[in-house]
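*Asks:* Mapping of the sequence shown onto my numbering: position 31 corresponds to residue 31, and the numbering continues sequentially without gaps.
The structure is given below, and queries will be raised subsequently.
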Amino acid sequence: MEIIAGIKLKPTVHSRIDEADLSDPGFGKYMSDHMFTCKFIDGEWMAAQVIPFGDMLISPAALALHYGQSVFEGMKAFRMQDGRINIFRLEKHWERLNSSLHRMCMPKIPKELFTGSLRQLVDIDRNWVPMKADTALYLRPFVFASEAKMGVKVSEEYTFVIITGPVEIIYAKPIRVKVEREFIRAAKGGTGYAKCSGNYGAAFYPTQQAKAQGYDQVLWTDATEHQYIEESGMMNVMFIINDKLITPALSDSILDGVTRDSLIVLAREMGLQVEERKIGVDELKLAFLNKTITEAFGAGTAAVVAPIATIGIDEREYHLPAYSGSNIMFKLKSRLDALRTGIEKDVFRWNSIID
Ligand SMILES: Cc1ncc(COP(=O)(O)O)c(C=O)c1O
């Protein structure tokens, strides 16, 4: 096992791996044996350690619990075809975490700390990385304000934690999404581009309403006109219209998805025309009317590619044609799978391999 300098290691004496079904892990059901923790005190990250997974002691006055200074990442480590393990796009996730931290007035995580802690943690729990197609070890780094203080203020102390667990993809079957025209997820100048916890808590109520109406997820629209498609709950969104891949351009109200970015690179490489631009709800309706829209899908770490079967727009439902293996989204997914499992050469240098 590789030992990263400066990270204290306290392995568990009782592995729980026999209690987990790695061939059918679901999502979020199992936590691996270990976790990483580190503290930011007096302007420095310190006390980095890999320890057995377990409860943490937090003051009820910890500022994150009251004022929401809390950000996270969601990423995956894959079992490669030769048995080695690959953490996908480590650097891009690190950049996004730091961008979220900056927006929330929280201290940045040095690159060596982020990459070193993840490598160490994945290495010690390498047996938890499942083998089956469409499974992975989900990695959840997060940082929260842990200073215990009463009063609305920027915290001076933080805790950086990473937990992991085996997962399979969510939304494997085509989903139903509702274009949300009343509630908003993010506004211009807000925190939409940051992966901060409050964005998710605020999205629960409208999402629950959509679920009660028979949908799996909402498709958010812009906060000003409720006219332009932004993204879905935990995914960016992509459409194939007139054989072009069209996706909303990034802005301060849309998360810069790592899957979105990867699929765009692959699509362009495969000779597909890609347009990153505004997409109006009216344009979508017209594309359904003219039958020029052939695919719609979510793109995100948890789902990878989530086929959309139905889009609800203003009390009407619009249906996509039935999907088959020849759809562009599945070709893109296959290429992404091949790249991160080592079937295809890592020409984009997206893989961080643990030998
Ligand atoms: C709001 C939101 N948009 C998009 C995404 C997709 O991002 P990624 O591909 O980096 O997982 C996620 C998932 O993390 C998300 O939570």
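Quick reminder that beta carbons are idealized off the backbone N, C-alpha and C, glycines included.
Is it the case that the Cβ atoms of Ala322 and Met238 are separated by a distance below 9 Å?
*Replies:* Here the question's residue 322 lines up with position 322 in the sequence shown. Here the question's residue 238 lines up with position 238 in the sequence shown. Going by C-beta atoms, Ala322 is not nearer than 9 Å to Met238.
*Asks:* Rounded C-beta distance between Leu245 and Ile328? I'm assuming under 8 Å.
*Replies:* Numbered from 1 along the sequence shown, position 245 holds the residue referred to as residue 245. Numbered from 1 along the sequence shown, position 328 holds the residue referred to as residue 328. Yes, Leu245 and Ile328 are in contact; Cβ-Cβ is about 7 Å, under 8 Å.
*Asks:* Classify Ile343 as helix, strand or coil using the three-state DSSP reduction.
*Replies:* Looking up residue 343 in the sequence shown gives position 343. Residue state, collapsed to three classes: coil.
*Asks:* What are the residues that DSSP puts in a beta bridge with Leu137?
*Replies:* Residue mapping note: residue 137 aligns to position 137 of the sequence shown, counting from 1. Beta-bridge pairing by DSSP links Leu137 to Ala77, Pro166.
*Asks:* So the candidates are Phe36, Gly6, Phe142; which of them puts its Cα closest to the Cα of Ser70?
*Replies:* Numbered from 1 along the sequence shown, position 70 holds the residue referred to as residue 70. With distances taken between Cα atoms, Ser70 lies closest to Phe142.
*Asks:* When the Cβ atoms of the region 157 to 171 are set against those of the region 300 to 314, are three or more pairs found closer than 8 Å?
*Replies:* The region 157 to 171 is in contact with the region 300 to 314.
*Asks:* Of all the options Pro110, Pro206, Lys211, Asp21, which has the alpha carbon lying nearest to the alpha carbon of Gly45?
*Replies:* As a position in the sequence shown, residue 45 is number 45, starting the count at 1. It is worth fixing the name first, because residue 45 is Trp in this sequence and not Gly. For Trp45, the nearest C-alpha among the options comes from Pro110.
*Asks:* How is Ser23 classed by DSSP in three states: helix, strand or coil?
*Replies:* The residue labelled residue 23 in the question sits at position 23 within the sequence shown. Three-state result, Ser23: coil.
*Asks:* Could you tell me which of Gly257, Leu121, Glu91, Lys29 sits nearest to Ile354, measuring between CA atoms?
*Replies:* As a first step, residue 354 must be located in the sequence shown, where it is residue number 354. For Ile354, the nearest C-alpha among the options comes from Leu121.
*Asks:* Specify whether the region 219 to 231 and the region 96 to 105 touch according to this definition: at least 3 beta carbon pairs, one from each stretch, less than 8 Å apart.
*Replies:* With a cut-off of 8 Å, the region 96 to 105 and the region 219 to 231 do not count as touching, because too few Cβ pairs lie within range.
*Asks:* Among the residues of its own chain, which have a CB less than 7 Å from the CB of Ile162, if the five just before and after it don't count?
*Replies:* By one-based count along the sequence shown, residue 162 stands at place 162. Result list for Ile162: Met35, Phe36, Ser117, Leu118, Leu121, Leu139, Arg140, Pro141, in chain order.
*Asks:* In angstroms with no decimal places, state the Cα-to-Cα distance between Gly325 and Lys331.
*Replies:* Translated into the one-based positions of the sequence shown, residue 325 becomes position 325. Translated into the one-based positions of the sequence shown, residue 331 becomes position 331. So the alpha carbons of these two residues sit roughly 8 Å apart.
*Asks:* State the Cα-Cα distance for the pair Gln81 and Leu90, rounded to the nearest angstrom.
*Replies:* Numbered from 1 along the sequence shown, position 81 holds the residue referred to as residue 81. Numbered from 1 along the sequence shown, position 90 holds the residue referred to as residue 90. Near 20 Å, if we compare the C-alpha coordinates of Leu90 and Gln81.
*Asks:* How many Å lie between Arg277 and Arg349 at the Cα?
*Replies:* Numbered from its first residue, the sequence shown carries residue 277 at position 277. Numbered from its first residue, the sequence shown carries residue 349 at position 349. Near 27 Å, if we compare the C-alpha coordinates of Arg349 and Arg277.
*Asks:* Could you compute how far the alpha carbon of Asn98 sits from the alpha carbon of Lys108?
*Replies:* Counting from one through the sequence shown, the residue named residue 98 turns up at place 98. Counting from one through the sequence shown, the residue named residue 108 turns up at place 108. Near 5 Å, if we compare the C-alpha coordinates of Lys108 and Asn98.
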